[in-house]
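To start, the structure under review is shown below, and the notes come after it.
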Amino acid sequence: MVIDDSNTIRRSAEIFLVQAGCQVVLAEDGFDALAKIADHQPAVVFCDIMMPRLDGYQTCALIKKNPRFKTTPVIMLSSKDGLFDRARGRMVGSDQYLTKPFTKDSLLQTVATFALPAETQTTQS
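Residues in the sequence shown are numbered from 1 upward in steps of one, following full-length UniProt numbering.
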């Protein structure tokens, strides 16, 4: 799942992920994401920090508070690369922080790190 109020970022991430064989769910903001997450149960969530209505920190906290999604990796996306922003993301339960603009390689490496191990364990069980 990619949550970002920027259509350009959502579409770029979607193209990179679809080309790599991933199924992608897009959300414009935190409310849109929360409405879709239960139906789609994403393996990993990329969440922009600066969004209207419900920011990325609030969205991440709400996802992580839900028992069904507390183990779902949430990767914060931001154009800010400060220590404070990273620390605040960790405080609300994020698993990693990716600085925008991200590259195809950094996005796919993050998916490989967080989503693929879970899928591998599931298919081996």
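Backbone N, C-alpha and C define an ideal beta-carbon position, used for all residues, glycine too.
query: What runs of the alpha helix (DSSP H), each 4 residues or longer, lie entirely inside the UniProt domain "Response regulatory" (1–115)?
result: 7–19, 30–40, 56–65, 83–91, 104–114
query: Are the CB atoms of Val92 and Lys64 nearer to each other than 8 angstroms?
result: Start at 1 with the first residue of the sequence shown, and residue 92 comes out as number 92. Start at 1 with the first residue of the sequence shown, and residue 64 comes out as number 64. It is a contact, given that the beta carbons lie within the stated cut-off.
field: Nonlocal neighbours in the same chain, by C-beta distance under 6 angstroms from Thr99, ignoring five residues either side
entry: The sequence position of residue 99 within the sequence shown is 99, counting from 1. Within the same chain, Thr99 has close Cβ partners Asp81.
message: Applying the 10 Å Cβ sphere with the 16-neighbour rule, what's the burial state of Asp95?
response: As a first step, residue 95 is located in the sequence shown; it is residue number 95 there, counting from the start. Buried is the call here.
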